[in-house]
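In what follows, a structure is listed as structure tokens, so that the remarks can point back to it.
In my numbering, the protein residues as written are 762 to 896.
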């Protein structure tokens with residue numbers, strides 16, 4: 762009976778030590794697996810950050826292009842408006858010149874025609890400047 766109890770106690774002790782030994786052996790493996798999982802998670806997070814930065818960079822470039830396009834379109838509109846103003850000023854100068862030619866002795870009409878011609882020239886120069894800027 763004593764022998765049986767001792768054998769059982771020895772068997773239980775052996776199984777406990779065996780299980781403990783297995784835990785000690787598998788623990789480094791589990792630890793390594795955990796470290797690899799952490800490394801993999803960090804790599805995934807790093808890649809996600811990289812992709813996020815790339816997306817933000819593309820969005821920034823797109824906004825910059827939109828801004829440039831808007832600026833160009835505004836410059837074209839200004840140039841077109843200036844060209845129309847120059848054409849109106851030229852028409853006004855033409856009419857003033859015709860009136861001055863119809864009444865050769867009227868100094869006021871001649872001065873008005875000269876001023877209208879100067880205004881038309883200024884408007885044309887401004888339109889050309891804006892057209893250059895718009896290109």
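Positions of the beta carbon are idealized from the N, C-alpha and C atoms, including for glycine. Computed from a prediction, not measured in an experiment: that's the story for all the values here.
Going along the chain, which residues of its own chain have a beta-carbon closer than 6 Å to the beta-carbon of residue 842, five neighbours each way excluded? Counting from one through the chain shown, the residue named residue 842 turns up at place 81. Cβ neighbours of residue 842 beyond the five flanking positions: none.
Here's the rule: buried if 16 or more other CB atoms are within 10 angstroms of the residue's CB, otherwise exposed. What is residue 847? Mapped onto the chain shown, residue 847 falls at position 86. Result: buried.
At what residues does the alpha helix (DSSP H) containing residue 880 begin and finish? Stepping through the chain shown from its first residue, residue 880 is reached at position 119. That run of the alpha helix (DSSP H) goes 868-895.
Separation of residue 828 from residue 806, as counted between CA atoms: Looking up residue 806 in the chain shown gives position 45. Looking up residue 828 in the chain shown gives position 67. In a straight line, the C-alpha of residue 806 is about 33 Å away from that of residue 828.
C-beta atoms of residue 870 and residue 864 nearer than 8 Å: In the chain shown, residue 870 corresponds to position 109, counting from 1. In the chain shown, residue 864 corresponds to position 103, counting from 1. In contact: residue 870 and residue 864 (Cβ atoms closer than 8 Å).
Cα separation between residue 835 and residue 887? Within the chain shown, numbered from 1, the residue matching residue 835 stands at position 74. Within the chain shown, numbered from 1, the residue matching residue 887 stands at position 126. Looking at the two C-alpha atoms, the distance is approximately 16 Å.
Hey, residue 874 and residue 858 are a contact pair by Cβ (cut 8 Å); roughly how many whole angstroms apart? The sequence position of residue 874 within the chain shown is 113, counting from 1. The sequence position of residue 858 within the chain shown is 97, counting from 1. Sure, about 5 Å apart at Cβ, within 8 Å.
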